[in-house]
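Down below is the structure, laid out as structure tokens.
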Amino acid sequence: MILHSYWRSTTSYRVRAALNLKGVAYSQVAVDLVAGDQCRADYAALNPGLGVPTLVLDDGTALTQSMAILDYLDAAYPDPPLLPQDPINRARVRAAAHSIALDIHPLNNLRVINQLKSRFNATPEDTTAWMQHWITEGFAALEAMLPDNTTFAFTDQPGLADLCIVAQTYNARRWGMPLTSFPNITRIEAACLATPEIAAARPEAQPDAP
Ligand SMILES: N[C@@H](CCC(=O)N[C@@H](CS)C(=O)NCC(=O)O)C(=O)O
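The numbering used here puts the first residue of the sequence shown at 385, with every later residue one more than the last.
Following this line, the structure appears as structure tokens:
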């Protein structure tokens, strides 16, 4: 398998961590988002959404959308599972994961920041305030959704919500956010980073990291 990804991308981070947890072998092709590689014709043919990641299977099938890729990996490589069996618990884990993937990430994507700068003349201070605002709102909701008596988000094993959380806390720290008011989120982040398969997916550990 080939994962087209970018070292600092949180959506790529989620998928790298799942591949590592499930012990799936893959190589990486770097898509340099700052250089605009995601808009090149050859990459657009793989991923019309012009974002990372894209997972290309051994038969050439290209999968896009990180949450759909995680669903695929969980179905094709069920051990260890990313979701619990119980329908209500599954819905809770998905709700926590979606609070990041669907509520926070789309507002904070590179293309959004680029529009704020080019169309509305946003300064670096404006873009930092924008990022911090949406992460703070999203984390406040997420924090209240999380139990305080588990090692990871809902159980003592890492799952779908944890992969989204550890990637989003990386991004929050990148934007200079203090996270002390989110004890559940930071507890889960620490548990994830103490898990070797997830630590190996960290941005700094990737071959395209500067
Ligand atoms: N919903 C998509 C979003 C993919 C996406 O946009 N990823 C970001 C990196 S985290 C990206 O490639 N951004 C490029 C851009 O906005 O130009 C997914 O989860 O895969």
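Glycine residues also receive a C-beta, built at the ideal position from the N, C-alpha and C atoms.
Predicted, not measured: the structure shown is a model, and the values here were computed from it.
In the DSSP output, what is residue i paired with across the bridge?
i           : result
residue 425 : Bridge partners of residue 425: none, in fact.
residue 388 : 413, 438
Let me know if residue i comes out buried or exposed under the rule of 16 or more other beta-carbons within 10 Å of its beta-carbon.
i           : result
residue 560 : exposed
residue 517 : exposed
residue 569 : buried
residue 463 : exposed
residue 573 : buried
residue 555 : buried
residue 507 : exposed
residue 504 : exposed
residue 389 : buried
Could you check whether residue j and residue i sit closer than 8 angstroms to each other, using their CB atoms as the reference points?
i           : j           : result
residue 466 : residue 544 : yes
residue 443 : residue 385 : no
residue 397 : residue 585 : yes
residue 433 : residue 448 : yes
residue 669 : residue 492 : For the chain, the structure presents residues 385 to 594; residue 669 sits outside this window and is missing.
residue 430 : residue 393 : no
residue 512 : residue 501 : no
residue 468 : residue 534 : no
Which residue from the options puts its Cα closest to that of residue i?
i           : options            : result
residue 524 : 476, 492, 564, 490 : 564
residue 578 : 431, 547, 408, 528 : 547
residue 403 : 539, 414, 580, 515 : 580
residue 488 : 478, 479, 522      : 522
residue 537 : 397, 411, 480      : 480
residue 414 : 408, 519, 520, 427 : 427
residue 495 : 446, 435, 535      : 435
residue 406 : 456, 469, 593, 519 : 456
residue 527 : 483, 409, 542, 471 : 483
residue 558 : 498, 470, 409, 587 : 587
Would you identify the three-state DSSP class for residue i, choosing helix, strand or coil?
i           : result
residue 446 : strand
residue 401 : helix
residue 532 : coil
residue 594 : coil
residue 418 : coil
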